[in-house]
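Residue 49 in UniProt numbering sits at position 49 of the sequence shown; the count goes up by one each step and never skips.
Yeah, the Cβ is synthetic: ideal placement off N, Cα and C, and Gly gets one too.
It should be emphasised that the depicted structure is a prediction, and the values quoted were computed from it without experimental measurement.
First the structure, in the form of structure tokens, and then the observations on it.
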Amino acid sequence: MRHFLNVVSYIFHPLFIPVGGTVLYFMVTPKYSSLEIQSGNILPIFILTVIIPIIFFLILKNLGIINSIFLPTIKERKYPLYISFALLLLILYKVIPNNYVQELFYFFTGLLTATGAALILLFLKFKTSLHLLGMGSLLMFMIGLSIHFEINITLAISMFTLLTGLVATSRLYLEAHNRSELLIGLLIGMCSQLIILKYWL
Numbered sequence: 001m002r003h004f005l006n007v008v009s010y011i012f013h014p015l016f017i018p019v020g021g022t023v024l025y026f027m028v029t030p031k032y033s034s035l036e037i038q039s040g041n042i043l044p045i046f047i048l049t050v051i052i053p054i055i056f057f058l059i060l061k062n063l064g065i066i067n068s069i070f071l072p073t074i075k076e077r078k079y080p081l082y083i084s085f086a087l088l089l090l091i092l093y094k095v096i097p098n099n100y101v102q103e104l105f106y107f108f109t110g111l112l113t114a115t116g117a118a119l120i121l122l123f124l125k126f127k128t129s130l131h132l133l134g135m136g137s138l139l140m141f142m143i144g145l146s147i148h149f150e151i152n153i154t155l156a157i158s159m160f161t162l163l164t165g166l167v168a169t170s171r172l173y174l175e176a177h178n179r180s181e182l183l184i185g186l187l188i189g190m191c192s193q194l195i196i197l198k199y200w201l
């Protein structure tokens, strides 16, 4: 059981949320998107939100600043969150304007807001669950896409809600977070996207 929940934590790691949301958008949207626009968004976002953070993780681990990719302590979380915040800003100012997609712009604005909120709470010595923050962001983005494009993806939303519960269970079982940290993470993720919905719906 422990091994299975560990795998769940890796598969739904916050690193994969930005590129997951981008791929989800292109799978769901009824708008025509050329291969150039799709690759122009997905590839640089994958590099900036997965490859570069992994490189920074290896550097920080070799320097002894962090010990695990799950960042178990408040001290270990600061530098990765700074890096994540900077990379999300870079995506908003450099990547998306080159192949502008309105819905993705606001999705990443929501992610930036959520990351900023997690950083503020970190300074207040509160360790927010980044797993649930990411899952909450993606879940609300899915709901927003369903409303925006007037398409029925209820089954996908239901499945993702169950997966969110599974991720929360894995974090509790592995004693990575307590219930309040998970709940706050989920609320930050969902609310950051919910607040921005009015700008693109």
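{"query": "Minimum Cβ-Cβ distance from Lys125 to chain D less than 7 Å", "result": "Within the model displayed, chain D is absent; a lone protein chain is all it includes."}
{"query": "When Leu63, Ile55, Leu166 and Ser34 are compared against Phe4, the one with the closest alpha-carbon", "result": "Leu166"}
{"query": "Contacts around Ser170, its chain only, beta-carbon distance under 7 Å, and the 5 residues preceding and following it disregarded", "result": "Leu5, Val8 and Ser9"}
{"query": "Burial state of Met27, where buried means 16 or more other Cβ atoms lie within 10 Å", "result": "exposed"}
{"query": "The region 130 to 142 / the region 183 to 201 touching (three or more Cβ pairs under 8 Å)", "result": "yes"}
{"query": "Contacting residues, own chain, Cβ-Cβ under 8 Å from Leu71 (five flanking each side not counted)", "result": "Arg77, Pro80 and Leu130"}
{"query": "Sub-7 Å separation of Phe105 and Ile91 beta-carbons", "result": "no"}
{"query": "Assigned secondary structure, Asn152 (DSSP; H/G/I helix, E/B strand, else coil)", "result": "coil"}
{"query": "Nearest-angstrom Cα separation, counted from Ser137 out to Gly110", "result": "8 Å"}
{"query": "Outcome for Ala86 when other beta-carbon atoms lying within 10 angstroms are tallied against a minimum of 16", "result": "exposed"}
{"query": "Lys94 versus Asn41 - alpha carbon distance", "result": "11 Å"}
{"query": "Own chain partners of Thr22 with C-beta closer than 7 Å, once the 5 adjacent residues on each side are dropped", "result": "Asn41, Ile42, Ile45 and Leu104"}
{"query": "DSSP-derived helix/strand/coil call for Gly116", "result": "helix"}
{"query": "Coarse secondary structure for Gly64, derived from DSSP in three states", "result": "coil"}
{"query": "CA-to-CA distance, Lys125 to Leu132, given in whole angstroms", "result": "18 Å"}
{"query": "Coarse secondary structure for Thr22, derived from DSSP in three states", "result": "helix"}
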